[in-house]
């Protein structure tokens, strides 16, 4: 299974002119915000539960409305109310001085004839239509999130390739760098203690201790372990955004330690490259579900 992004958009048109739009962006948790037509506030819990069935993480903004223009309320004619007005006018007593004439504009202006579109739907029917449209919009948003997640996975894998190559160069150069450090320390100590009698064995021991402090074998081993875990999680079946973020932080920690220990210019350049790539990786990981 590929990674899933938290950025997506989906739209669905239901029956009766009902439409639902879903937009999602990155967030630490699943944070759902709903904008529903008037009179449908009681359905918000059911809508959020339906969204949670499809999307596991991210800030999700859902809007339900009637018509193409995004008017949440929308309007419709309550035909039953209009028929009651027409019937009442038709039964006015003839000769009572009341003219039984009513045009469409006058009828629509009467109270209760033009109402929010949601008010004309049977509550049970309206809920079923709304939840079906929400599910369709979420599926469309998830398809977009999945497509972007595939692209994110490719980019992360490519950047990890570069980091792995740089770590391999560090490992190849490490023995020579340690030997150079030994030699440099010996030369420096000999220069400073030219007129002082020093036990050669003790000198060799102290130089070895100083050189070992610049050895990065353990840090590189941990860095390799973190990279292997990171790559394995790129194909995980469950959401792994937080796991990937944690691993990037740990990789960066090891890279910083390597950089602080290195005294070899070539190795320092590789460390700087690794840190730069890891920063880019972490930026992208923030959008992984």
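Numbering (the numbering used here), first residue to last: 2 to 290.
Think of the CB as a built atom: it goes at the ideal place given N, C-alpha and C, for glycine as much as any other residue.
CA nearest to the CA of residue i, picked from the options
i: residue 37; options: 277, 275, 131 and 148; result: 131
i: residue 306; options: 27, 24, 29 and 278; result: A query on residue 306 cannot be resolved here, the shown segment of the chain reaching from 2 to 290 and no further.
i: residue 283; options: 271, 254, 259 and 260; result: 254
i: residue 4; options: 18, 153 and 12; result: 153
i: residue 281; options: 112, 163 and 26; result: 163
i: residue 176; options: 251, 252, 268 and 86; result: 268
i: residue 57; options: 271, 257, 86 and 27; result: 27
i: residue 219; options: 89, 252, 88 and 266; result: 252
i: residue 140; options: 84, 24, 81 and 266; result: 24
i: residue 32; options: 53, 42, 40 and 80; result: 53
Distance CB(residue i)-CB(residue j) smaller than 7 Å
i: residue 138; j: residue 9; result: no
i: residue 285; j: residue 215; result: no
i: residue 64; j: residue 22; result: yes
i: residue 136; j: residue 51; result: yes
i: residue 300; j: residue 276; result: Residue 300 lies beyond the range of the chain shown here (2 to 290); nothing can be said about it.
i: residue 172; j: residue 224; result: no
i: residue 66; j: residue 106; result: no
i: residue 259; j: residue 249; result: no
Same chain only: Cβ atoms within 7 Å of residue i, ignoring 5 sequence neighbours per side
i: residue 274; result: 167
i: residue 156; result: 285
i: residue 165; result: 228
Burial state of residue i (16 or more Cβ within 10 Å)
i: residue 55; result: buried
i: residue 59; result: buried
i: residue 256; result: buried
i: residue 18; result: exposed
i: residue 238; result: exposed
i: residue 88; result: exposed
Same chain, Cβ closer than 6 Å to residue i, neighbours up to 5 away in sequence not counted
i: residue 34; result: 62
i: residue 91; result: none
i: residue 30; result: none
8 Å CB neighbourhood of residue i in its chain, flanking five on each side removed
i: residue 150; result: 3, 4, 5, 6, 289 and 290
i: residue 1; result: Past the boundaries of the shown model lies residue 1; the chain is included only from 2 to 290, so the question cannot be answered.
Residue i at chain C interface by Cβ criterion, 7 Å
i: residue 89; result: Absence of chain C from the displayed structure is noted, only one protein chain being present.
Problem - Touch test, the stretch 143 to 153 against the stretch 244 to 252, Cβ-Cβ under 8 Å, three pairs minimum - result: no
Problem - Validate contact between the stretch 219 to 235 and the stretch 45 to 52 using beta carbons, cut 8 Å, 3 pairs - result: no
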